[in-house]
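*Asks:* Below: one structure in structure tokens.
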Amino acid sequence: MTAPGVHAFLIVIRIGRFTPEEKNTVDFIRHIFGKDAVQYCIVVFTAEDQLEEGQPLEDFINTAPALRELVRACGNRTFAINNKLNGEPLARKTNRLIEIIDNMIRNNNGTYYTNAEYQRIERQRQEEKRKREEEERRKKKAEEDALIARTKEEERKKTEQEIRKIRAEEQRTREEEERKAEQRERE
């Protein structure tokens, strides 16, 4: 981050090409810098010369709903530049972009996106991550405890079954010995 903070995030899009990554730019900015960061965004279109003769930028923007939504999310702040400009025309265009940034700063009550805001968002993200990890650990522990309990229950049942087998065998042996003893007495 720059000191004292970021005055503008410029989302640069080439006219004639709008990629899935560019569609997700606002979500990415919100995720990294927080939901309020879009109030510092300006969509900058390059290759302005690719617009059809006399076609306003707004008409191009309206051809793609996702692009229109991106521009809307950024407060409808747009700027287009012809990549082939140089000299005085380029200087005028550059000054116009600076004016747009200055207007945005005024509309944001003179504020800019600060490192403190980024750190606050980062702390929130880290806290959310910590909570998710803690929840995962808790779930894993519960699963392990359940597995241990099932294993112990299975072992207990297995042991009881073995004890019943041994007792049944002992009972058969006693009964057999008693029959033999009774037979000997009869003889």
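Heads up, the sequence shown is in numbering that gives the first Met the number 0, so the first residue is 0 and it goes up one at a time.
Yeah, the Cβ is synthetic: ideal placement off N, Cα and C, and Gly gets one too.
Quick caveat: nothing in here was measured; it's all calculated off a predicted structure.
Can you round the beta-carbon distance between L9 and V43 to whole angstroms, since I take them to be within the 8 Å contact cut?
*Replies:* The Cβ separation is near 5 Å, so the contact holds.
*Asks:* Output the distance between the C-alpha atoms of K156 and E177, rounded to the nearest integer angstrom.
*Replies:* Their Cα atoms are separated by approximately 31 Å.
*Asks:* Mapping DSSP to helix, strand and coil, what is G4?
*Replies:* Correct three-state label for G4: strand.
*Asks:* Let me know if I162 comes out buried or exposed under the rule of 16 or more other beta-carbons within 10 Å of its beta-carbon.
*Replies:* The residue in question, I162, is exposed, as its Cβ has fewer than 16 Cβ neighbours within 10 Å.
*Asks:* Is there contact here, the segment 108 to 115 with the segment 131 to 138, by at least three beta-carbon pairs under 8 Å?
*Replies:* The answer is no - the segment 131 to 138 does not touch the segment 108 to 115, with fewer than three Cβ pairs under 8 Å.
*Asks:* Could you tell me which residues DSSP puts in a beta bridge with R13?
*Replies:* Answer by DSSP bridge pairing, in chain order: T45.
*Asks:* So K92 packs on I100, CB below 8 Å; how close in whole Å?
*Replies:* Not really, about 13 Å apart at Cβ, beyond 8 Å.
*Asks:* Excluding the 5 residues flanking K22 on each side, which residues of the same chain have their C-beta closer than 6 Å to its C-beta?
*Replies:* Closer than 6 Å at Cβ, skipping near neighbours: A65.
*Asks:* Per DSSP, what kind of secondary structure is A63 in: helix, strand or coil?
*Replies:* In this structure, A63 counts as coil in the three-state DSSP scheme.
*Asks:* Apply the 10 Å Cβ neighbour rule to M0 and answer buried if 16 or more other Cβ atoms are within range, or exposed otherwise.
*Replies:* Because M0 carries a pLDDT of 46, less than 50, the predicted location of this residue cannot be relied on, and the following value inherits that uncertainty. The residue is exposed, with fewer than 16 neighbouring Cβ atoms inside 10 Å.
*Asks:* Would you kindly report the start and end of the unbroken alpha helix (DSSP H) that includes A90?
*Replies:* Taken as a continuous stretch (DSSP letters only), the alpha helix (DSSP H) holding A90 covers G86 to N106.
*Asks:* Rank E68, T45, G74 and A141 by C-alpha distance to the C-alpha of L89 and give the top, closest one.
*Replies:* When each option's Cα is compared against that of L89, the closest is T45.
*Asks:* Can you tell me where the beta strand (DSSP E) with T18 in it begins and where it stops?
*Replies:* Unbroken run through T18: none, as it is neither H nor E.
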